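Data block below; observations after.
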């Protein structure tokens, strides 16, 4: 065992932790050797920032990632517990505050939490286990190699001796930590915990209604705020009847916040602070504001649609990819297809509306309780916008009632802080958005338009693909210059399938300027590109008179790996995709079943966020056009190990139904720069009766790194369902949402 | 402001609020019972579902002044030990994802089980149509209600 600098870090951590909070700089081993703010100075073995074992054998593990419903607060601690070899029943999980020095990166986005932490977390557990083994071996005067561990105890089989970890913590705390990179990890075949179905660590609190979410925060003397922004993003308040509002029951103050021009930051608005949420909401109903709408007021969805159609006849402003000669290939093709696809702006609509509690202390320090996916960015935005040094900001990461990418933005955090800064008596303030705020002031998934042309040859092979993608961009200012920045998910990668696969492929892009704020929405880009491209591939397959599965397998080709053609691009593991595609097809009985008119199967696949997923959907469309999804078969490859089978199945089922909900119902209209829809009565989401009768999940195991599952199973759902609708009715869905498309047949 | 005496989870509680205050906010801000959730404020999402004399009711559109002596049950008071068959089934099957809507789901499901101790999928879909789950835990909500019905039946009590 090495006694390298890691042990020094650990010793200084222990020495300091007795005195309370501390930070230790990153060592060569990064988070593995880093210390943490000590939760309590109770005795025990604290080998790193994530693990504390007490004398009674109880194990406290810290979850550093924000929990938004993806189950990370359960799954990553499970990884430590597996390698530490402790009984899950003895484990308690606590949420860590924002502390990058102690924990390393802390953000829940891009399905990155698992791939970025899985190996490190195994080593965290294994390192601690190695020290406990060493402590037992020394006690018994035997070689560590003769000892094994099981269920939170070290065993020496030859002498039939056993020491529980709790009895070893004092000895272990005196030993140096081994170099994390050198410790032996378990053979995955011997995993006891990983791969099992484990319930979420907060489930007991959830089902009994205990305070858990950001909106549940209550502090002594806390006030409640509403923040009213211009209905047109980019607009600002000129004047308001503040005196009248201040005189209303329970209102403590009302004031204008000047804000900034950053559409994703502190937008200008009017704050109302009251003694209860309802007193603030009631007062808001009496608020009258004269707004300067700004330039966004001229925009409408109808106008954007007309502009997109016009632009489609012109060359794109950006040529993303130009392989071969698309025009010549189309001219020479046996059959060609031309189609325009479009989808609207949509909201994240997490069940818990955006909220944040902020408290400016008398010394100017700021304490935040934020249901956020991106605490580090939130702290940075607050620091920059409100002029508070990062060192003076404490950020508590609070469980979020849904994320879906919405809480990667930090607008609600900076709003709460700006309001708290105005509190003369330094009262803590909880800002709660109404549902109307949440729907109309989201950072929306951008809408988009795809103008496609494709061709197949006489043998029924795809030979040409042309897409002009019309997307949306905001004007942003930086260092005195303004430029257009595409919305999140509103940029097409030249490498997006089937780019790279066709000899004649031309991809162009043009952005329409808008003032609607945009942000990442579960599987950004992929969530809509998969629908467009796999629908159009289906159109080509049918034009060629080919089976949609065979057509796709031929398109994917025989090679196992498709290298990237763009900088920082990713290789596409074609073998993994073929495997999930064939698995989904086989399990669904693709090509082996006969369907009556009005019923059918559709197939699609998509690679995103390092995950390979294929789906087969079966639908029934009634003659009056009502769609019912009878069954979805999902095959996913996210590596060799499923950490928490229950959590993984939840993510797949949730992604499938989220994909279906988004396909079927929600759409936002924009008129005079304003979002028209305001609440769940006119912004519909799928309800239980429309959930599929059956979702069947298969995990294809590959010898590749373990990766995330919060996003990859969503994109293939929409095209699989729409392709099934075509098989059932002969009607091709090219515009969303589905509920507005006439699918009746006779 | 007026003082109202509300019977919440079997106890009389005095709340001093304006007459138009929805029960949701009296529970959350005044009584500190935050298990009942705010989702829409329009009775559209069901996150705020409580029982009024045993019947599932949306607390976000129910003014405190309209309640009188009706008995209010919230998720915190569904079972003294939080071991209601639905609460056990929800944990056994790991129903929650983000968990935000689940107290409302459980309160609606409880109302359903009182009416139909052994509900069909169609009865579940019908009774639960007013409760949105944005994480889309619907498959497990269906299973969870069936499982709770089973637990209640095996223990010979009403869910």
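Protein chains in written order, with the numbering used here: chain A, 1 to 746; chain B, 747 to 905. Think of the CB as a built atom: it goes at the ideal place given N, C-alpha and C, for glycine as much as any other residue. Here the structure is a predicted model, which is why all the values come from computation and not from measurement.
Practice task
Report yes or no: do three or more beta-carbon pairs, one from the region 642-650 of chain A and one from the region 502-512 of chain A, lie closer than 8 Å?
Solution key: no
Handout entry: Reduced DSSP category for residue 290/A - H, G, I as helix; E, B as strand; rest coil
Key = strand
Exercise for the section: Could you work out which residues of chain B lie near residue 698/A, taking near to mean beta carbons separated by less than 7 Å? Expected result: Simply none; closest approach about 16 Å.
Handout entry: Cut-off 6 Å between Cβ atoms - residues of its own chain near residue 256/A, not counting five sequence neighbours on either side
Key = 237 and 270
Practice task
Excluding the 5 residues preceding and the 5 following residue 161/A in the sequence, name in chain order all residues of the same chain whose CB lies nearer than 7 Å to its CB.
Solution key: 140
Problem - Inter-residue Cα distance where the pair is residue 134/A and residue 384/A - result: 48 Å
Problem - Cutoff 8 Å; reference residue 854/B; Cβ partners in own chain excluding five residues on either side - result: 792, 795, 802, 873, 874, 876 and 877
Exercise for the section: Can you tell me the Cβ-Cβ gap for residue 824/B and residue 870/B, rounded? I've got them flagged as a contact below 8 Å. Expected result: Wrong, their Cβ atoms sit about 18 Å apart, outside the cutoff.
Handout entry: Contact with chain A by residue 892/B, beta-carbon distance below 8 Å
Key = no
Practice task
Count the CB pairs spanning the region 328-345 of chain A and the region 723-735 of chain A that are closer than 8 Å, and state whether there are at least three.
Solution key: yes
Handout entry: 7 Å CB neighbourhood of residue 418/A in its chain, flanking five on each side removed
Key = 257, 266 and 386
Problem - Validate contact between the region 769-786 of chain B and the region 804-812 of chain B using beta carbons, cut 8 Å, 3 pairs - result: yes
Problem - Inter-stretch contact at 8 Å, needing at least 3 Cβ pairs: the region 444-454 of chain A / the region 510-522 of chain A - result: yes
Problem - Any C-beta of chain A under 8 Å from that of residue 764/B - result: yes
Problem - Delimiting residues of the beta strand (DSSP E) encompassing residue 501/A - result: Where residue 501/A is concerned, there is no enclosing beta strand (DSSP E), given that its DSSP letter is neither H nor E.
Exercise for the section: If I'm right that residue 621/A touches residue 598/A with Cβ under 8 Å, what's the distance once you round it to whole angstroms? Expected result: 5 Å
Practice task
Can you give me, in chain order, the residues of the region 335-351 of chain A that have a beta carbon less than 9 Å from any beta carbon in chain B?
Solution key: 348, 349, 350 and 351
Exercise for the section: Please say whether residue 770/B and residue 818/B have beta carbons closer to each other than 8 Å? Expected result: no
Handout entry: Opening and closing residue of the beta strand (DSSP E) in which residue 677/A lies
Key = Taken as a continuous stretch (DSSP letters only), residue 677/A belongs to no beta strand (DSSP E), as it is neither H nor E.
Handout entry: Element boundaries [beta strand (DSSP E), containing residue 322/A]
Key = 318-323
Exercise for the section: Output, in chain order, the set of chain B residues within a Cβ distance shorter than 7 Å of residue 213/A. Expected result: 846
Exercise for the section: Can you grab the Cα-Cα spacing for the pair residue 844/B / residue 746/A, in whole Å? Expected result: 43 Å
Exercise for the section: With 9 Å as the C-beta to C-beta threshold (strictly closer), list the residues of the region 685-711 of chain A near chain B in chain order. Expected result: 685, 686, 687, 688, 689, 690, 691, 692, 693, 694 and 695
Exercise for the section: Could you spell out where the alpha helix (DSSP H) holding residue 554/A opens and where it closes? Expected result: 548-556
Problem - First through last residue of the beta strand (DSSP E) which encompasses residue 466/A - result: 462-478
Practice task
Kindly list, in the order they appear in chain B, the residues whose Cβ is closer than 9 Å to that of residue 776/A.
Solution key: Only positions 1 to 746 of chain A appear in the structure, and residue 776/A is not among them; the question remains open.
Exercise for the section: Could you pull the start and end residues of the beta strand (DSSP E) that residue 774/B belongs to? Expected result: Careful: residue 774/B lies outside any beta strand (DSSP E) and carries neither H nor E.
Exercise for the section: Consult DSSP for residue 226/A and reduce its assignment to one of helix, strand or coil. Expected result: strand
Practice task
Drop a sphere of 10 angstroms on the beta-carbon of residue 516/A, count the other beta-carbons inside from all chains shown, and report buried for 16 or more, exposed for fewer.
Solution key: buried
Handout entry: Distance CB(residue 214/A)-CB(residue 352/A) smaller than 8 Å
Key = yes
Practice task
Determine which residues of the region 646-671 of chain A have a Cβ less than 7 Å from any Cβ of chain B, and write them out in chain order.
Solution key: 646, 650, 653, 654, 657, 658 and 661
Problem - residue 111/A versus 706/A, 425/A and 263/A, residue with shortest Cα-Cα distance - result: 706/A
Practice task
Measure the Cβ-Cβ separation of residue 250/A and residue 275/A and say whether it is below 8 Å.
Solution key: yes
Exercise for the section: Measuring only between beta-carbons, confirm whether residue 208/A sits less than 8 Å from chain B. Expected result: yes
Problem - Nearest candidate by alpha-carbon position, reference residue 230/A, set 674/A, 712/A, 67/A and 743/A - result: 674/A
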